[in-house]
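Novice: Using the numbering used here, read the sequence shown as starting at 1069 and increasing by one per residue.
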Amino acid sequence: MLHLFQSNRLESLADRVARLMHEQPLDPFIPERIVVQHQGMGRWLSLQLADRLGVCSNVEFPMPAGFVWQILERWLPDVPQRNAYDSSLMAWRIMDLLQQLKGRPEFSPVAHYMQNQDEFGQFELAQRLGGCLEEYLVYRPDWIIRWQRGESAVSGDQWQAELWRELVVQTGGEHWVALQQRLFAAHAQGRLRADSLPRRVVLFGIAALSPGYLAIQQLLAEYTDVHLLLLNPCQEYWLDIQDPAGISRRLLESSDVEDLYLEVGNPLLASWGRQGRDFFAQILAFDPGSDSLYQQPESDTLLHRIQGDILNLNDPAGDAPGFIPDQDDLSLQVHICHSPMREVEVLHDQLLALFDCHPDLKADEILVMTPDMDRYAPYVEAIFAETGDKQRIPFGIADRGALTGNTLIEAFLQLLAMPVGRYEVNQMLALLEVPALAGSFGLTPEDIPQLAGWIEQAGIRWGRDAAMRSQLGLPENGQNSWRFGLDRLLLGFALPGGGERLFEDILPFDDIEGSAGELLGGLSAFAEAVFSLEEWLSGRYTLEDWQQRLMSLLPRFFSPDESDESQLQQIRDALTASRDLAMESGFNTPVSIELIRPYLRQQLQNMGGDRRFLGGGVTFCALTPMRSLPFRVVCLIGMNDGAFPKDQRPLGFDLMARDFRMGDRSRRADDRYLFLETINSTRQTLYISYTGLDVRDNSSIPPSVLVSELIDYVKQLVTEDNESNILEFIITQHPLQPFNPRYFHQGERLFSHSTMMADAARVLAADESQPATFFDERPLAEPDASWRQIELRQLLEFYANPTRFLLRQRLGINLQAGEGLLEGRDPFSFGYFESGDLQQQMVERMLADGDVEALYPLQRAAGILPHGQYGEELFRDLEEGARDLARGLQQLEHQPIEPIEVDLQLGEFRLMGVLDDLGSGGQFAFNAKALPARDRVQLWIRHLLLNHLKPVGIRLETRCFHAGKLTRFVPVEDAGDQLFSLLEIYWQGLRQPLHFFPKSAFAYMKLASKGKSDDDCLEAARTTWAGEFIDHCESHNPYYRFAFRDAEVLDRQFQTLSELVLGPMIAATEGE
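1) Kindly give me the distance between the Cβ atoms of G1696 and E1633, rounded to whole angstroms, as I take these residues to be in contact under 8 Å.
2) Per DSSP, what are the beta-bridge partners of I1756 in this structure?
3) Do the stretch 1229-1242 and the stretch 1155-1163 touch if we need at least three Cβ pairs shorter than 8 Å?
4) Pairs of beta-carbons, one from the stretch 1423-1437 and one from the stretch 1643-1663, closer than 8 Å: are there three or more?
5) Mapping the DSSP letters down to three states, classify S2103 as helix, strand or coil.
6) Checking 9 Å against the spacing of the C-beta atoms, do Y1362 and F1688 come in under that value?
7) Just tell me which of V1782, S1768 and S1767 has its CA closest to the CA of L1774.
8) Assuming H1071 contacts G1357 under a Cβ cut-off of 8 Å, what Cβ separation, rounded to an integer in Å, is found between them?
9) What three-state label does DSSP hand D1738 in the structure shown?
10) If we require 4 or more residues per run, which alpha helix (DSSP H) segments fall completely within the stretch 1362-1395?
11) Looking at I1754: is its Cβ nearer than 9 Å to the Cβ of S1399?
12) Going by C-alpha to C-alpha distance, which of G1108, P1132, V1414 and G1224 sits closest to F1721?
13) Specify whether the stretch 1397-1414 and the stretch 1697-1715 touch according to this definition: at least 3 beta carbon pairs, one from each stretch, less than 8 Å apart.
14) On the criterion of 16 or more Cβ atoms from any shown chain inside 10 Å, does A2076 qualify as buried, or is it exposed?
15) Taking a contact to mean a Cβ-Cβ separation below 9 Å, would you say V1270 touches L1088 in this structure?
16) Which residue from H2104, L2058, L2130 and R1764 puts its Cα closest to that of F2070?
17) Restricting to runs no shorter than 4 residues, where is the alpha helix (DSSP H) found entirely within the stretch 1612-1700?
18) Looking at R1951 and M1914, is the spacing between their C-beta atoms short of 9 Å?
19) Hey, would you say L1570 sits closer than 9 Å to A1929, going by beta carbons?
20) With distances taken between CB atoms, is the gap from V1123 to P1099 smaller than 9 Å?
21) Do P1446 and G1464 have their C-beta atoms closer together than 9 Å?
22) For N1545, name the three-state secondary structure that DSSP assigns.
23) Restricting to Cα atoms, I'd like to know which of T1787, E1912 and S1734 is closest to R1717.
24) Terminal residues of the continuous alpha helix (DSSP H) containing A1253?
25) Could you check where the alpha helix (DSSP H) with V1773 kicks off and where it finishes?
26) So is R1077 buried or exposed if we call it buried at 16+ other beta carbons inside 10 Å?
27) I'd like to check one pair, G1981 with E1859: are the Cβ atoms closer than 9 Å?
28) Going along the chain, which residues of its own chain have a beta-carbon closer than 6 Å to the beta-carbon of I1274, five neighbours each way excluded?
29) Just verifying my parser: in three-state terms, what is the DSSP assignment at I1798?
30) Should A2001 and F2029 be called a contact, given that it needs their Cβ atoms to be closer than 9 Å?
31) Once the 5 residues before and after A1450 are set aside, which same chain residues still bring their CB inside 7 Å of it?
32) How close, in whole Å, do the beta carbons of Q1248 and G1280 come, if the pair is a contact with beta carbons under 8 Å?
33) According to DSSP, simplified to helix, strand and coil, what is G1240?
34) By the 10 Å Cβ neighbour count, where 16 or more other Cβ atoms means buried, how is D1738 classified, buried or exposed?
35) Check T1823 in the structure and name its three-state DSSP category.
36) For N1766, is the classification buried or exposed, using 16 other Cβ atoms within 10 angstroms of its Cβ as the cut-off for buried?
Laid out in structure tokens, this is it:
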């Protein structure tokens, strides 16, 4: 007998199942079978039954399709354990068949499509066709019957009908429609027996079943008790109601309006309830015995009012508006944010507020759903996992694919893609960021900076070797390839060449010695292993062979610890499942890695499932149909326009899309009904958020159409005078940043629980007229005495950029643009500094009567020059300029002498280092380009050191030949005092950023030394600091931008430091 129980609350249905099991217990050895729509529902019900009965054991929770197959196996002989016409099996057979059938005239549209697809694209077509055929089996059995009789079922079905017939011949056995026919024939002939069936069957919380499945449940009810316990949002008869759009359409189509009896009822139910309406229409057609278990919600909150309207089929348009929510009513909230990250930040704060407001609220009574779990999961982990203990909310994330956040799996898939890539240095190094992979070669992710430095200096950019580049249609040139660079590294470790000797056209890289050789060996082994994949993954193999080949890569490339083992097991499971599917489908056609790689990615993305659903704490999961479990608090995040309900574009060859019938599934209808069920399943607070403000210009972005319809419905509940009040009451628009002072102002609806954000807001609010800077007015504590022992190179580095020195050396903050990323393209030109360095080397060789021509093969072997003839032409251009420079320098008659060791005590400071570039005529320097202000300051410091040391036989002056000009620093009497002054400024700069910027300071002092006014001098400095061209603005330096933001820095301190540092230098300068 068929028993129907309907309720608007899942808890009432659970009570009824518990009562049934208590009052009519089965034999303890006979399992109770409760059919549920998804595993999450089964888990929830098992917990509810255990709570009500004390224990829940020997209860099975099959899904509808699996349960129906079990019934077929019990009633009919020769039913296979696995459905051979499952879409995942049909896809492989269809791929084979399409290759065989594409030459037939009726398959010309398919053949044309296949011509433009790669191997995986053709397999995706087979997958989609398999999905369509599976839908036809379930929802269009009449088509299948006609096709097998050789008839056409619907216009344009010729090639699909032929494909189906060929598929049946290849597959053999019985499909769902044939088994259903055999079942009903056996029933008609009286050959079915009740003793082979369960004593009773319970279908719990099912929201949709195909007509064929429902027919089998009706048949089953003639032999055993079938209990249908279904969620029905409305206790009134609502199967004839229509949404306003549908009514308008019917009115336009009808010629006799008076004969139409059209009713909206409740507009939310009419708009969102089509799927449920069709389902209950099919159920009630069986005329089952029905019990009502409805519960009338209270009318104390806005949410309960909406739920009551839906339950009682109330239309607010027909009632006098006048609902006024209580000021403490938090039952319906809509939050508008600028980004997904801000949505999650706001959610965290709002949940903390709910815990404060309801001390009895538990984390496991909260459900958070989103249409895009993979997009929001990283923000959830970052924000919910990183908060302090007092604000920590326990949580779990379900419905994440195996790829999300699993770096080892991503690394494995990336390895499979390497042979078709370019072996770019950054891609290769990214693989070594995975500890299990790096460990397999004796490396760790912490070794990457060292390896990256070697790779960069060895000139490696991309490509395995010259042969690979030739295969890509490029000249067979191995320069800047991995083979080129590895040969340099390995040869340099074994046989250093001092940067001057080539061995078989290889320039050894000499900077690796001792234990560093182990790292080099690991890098070389890793690179060779990756290169070997090219041969290992080439060719075509069966899926069984691919499983064996790819399994063998795991121990070769990964050395996992316990935390990584689960990811490796997921890879093994995916490979084994792929092999088993192929073997079961009979697919033995060899395929390439170009199909296997994306197929594995697809399989892994679908793994993971809802294993952490209801796993304790706040549950985060995907917003998927038929997951309408009751929670005290339900949060929907990411409810953006287009994200939900999801757009469903039917495939061009989907014949069902042209022939809609009652009971057909529609993703948009499923999503709309899910939203309705979600509202009814919320017991206390429904929280909705979406990205509704553009992060660039703050313009409005609409939410999901369902959210808009809900807001419109709320507006109908109140009078026009209160409409704006109710919207302000339920809708909160959040600022762009979590540290906005509005979150901490009394009287604001906004709030935050973050102490860190409060501190940041306090700084902003302290004086909003002043730009915020990284440092406040208080300097850092003095460094320890070790900082008073200074290497000369450190002092020179400090005066090149005092702010950078403070941030990097004292605070460990490195802001170098693009740090960690190496150049992955061949050198096509010289940068400003590269050309200057090379030209400087040329000049040095010329002055030392060296062989400049010998420099060309060395530069080529170092990977510095652009490839081919163009590189040689650039070299010759630089050589010509270097000869002009050398001729000018030779006129100075500079004779180099040995460097001088420096170890000076200047007050509390000790200065150590080496003073070089000396000759009898003093200190000497040259620069192929114009002398930058930074280099000028550093040269001045060296000049002061020379004058303080007063070495015998050396003139106390400095000469610098640059860009065809000679700059000369004359002897200085008080060099020691000036050095001490510079050291004191250095000490000050270790505690706070100094307003000393060499380039701007030099522009200021050049005019100041000529007696120009302060205004003119500062204007020159401002032009240099923030001029028209960003690339030449000193203020564009990332360290200055970080430390000073938009603060005014060309102030009195700037003027004072410019005069102290550069005033004596300009006074001692001749020749400009």
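Built from N, CA and C at the ideal position, the CB exists for glycine as well.
Specialist: Inspection of the coordinates gives the following:
1) Checking the displayed sequence, the identity of residue 1696 turns out to be Ser instead of Gly. Going by Cβ atoms, the distance from S1696 to E1633 rounds to 36 Å, so no, they are not a contact pair.
2) V1402 and L1704.
3) Segments in contact, yes.
4) Between the stretch 1423-1437 and the stretch 1643-1663 there are fewer than three C-beta pairs closer than 8 Å, too few to call the two in contact.
5) Here S2103 sits in helix by DSSP.
6) No, Cβ-Cβ distance for Y1362 and F1688 is not below 9 Å.
7) Ranking V1782, S1768 and S1767 by CA distance to the CA of L1774 puts V1782 first.
8) 6 Å between Cβ atoms; contact.
9) Three-state DSSP puts D1738 in a helix.
10) Runs of the alpha helix (DSSP H) inside the stretch 1362-1395: 1370-1380.
11) The question names Ile, but residue 1754 is Leu in the sequence shown. Note that the C-beta distance between L1754 and S1399 is below 9 Å.
12) Measuring C-alpha to C-alpha distances from F1721 to each of G1108, P1132, V1414 and G1224 identifies G1224 as the nearest.
13) With a cut-off of 8 Å, the stretch 1697-1715 and the stretch 1397-1414 count as touching, because enough Cβ pairs lie within range.
14) Counting Cβ neighbours within 10 Å, A2076 comes out buried, since at least 16 surround it.
15) Yes, Cβ-Cβ distance for V1270 and L1088 is below 9 Å.
16) Nearest option by C-alpha distance: L2130.
17) Entirely contained in the stretch 1612-1700, the alpha helix (DSSP H) runs reaching 4 residues are, in chain order, 1630-1653 and 1661-1674.
18) Yes, the pair counts as a contact, with Cβ atoms nearer than the cut-off.
19) Yes, the Cβ-Cβ distance between L1570 and A1929 is below 9 Å.
20) At a Cβ-Cβ threshold of 9 Å, V1123 and P1099 do not count as neighbours.
21) For the 9 Å CB-CB criterion, P1446 and G1464 do not form a contact.
22) The three-state reading of DSSP puts N1545 in coil, since its state is none of H, G, I, E or B.
23) The candidate whose alpha carbon is nearest that of R1717 is S1734.
24) Annotation: the continuous alpha helix (DSSP H) that includes A1253 extends over W1244 to A1256.
25) For V1773, the enclosing alpha helix (DSSP H) starts and ends at V1773 to Q1784.
26) R1077 should be labelled buried.
27) Cβ atoms of E1859 and G1981: closer than 9 Å.
28) Within its own chain, the residues whose Cβ lies closer than 6 Å to the Cβ of I1274, once the five positions on either side in sequence are excluded, are Q1105, listed in chain order.
29) In the three-state reduction of the DSSP assignment, I1798 falls in the helix class, which pools H, G and I.
30) Contact: no.
31) Taken in chain order, the list of residues that qualify is empty.
32) Yes, they are in contact, since the Cβ atoms of Q1248 and G1280 sit about 6 Å apart, within 8 Å.
33) Residue state, collapsed to three classes: coil.
34) Counting Cβ neighbours within 10 Å, D1738 comes out buried, since at least 16 surround it.
35) Helix.
36) N1766 is classed as exposed because its beta carbon has fewer than 16 other beta carbons within 10 Å across all chains shown.
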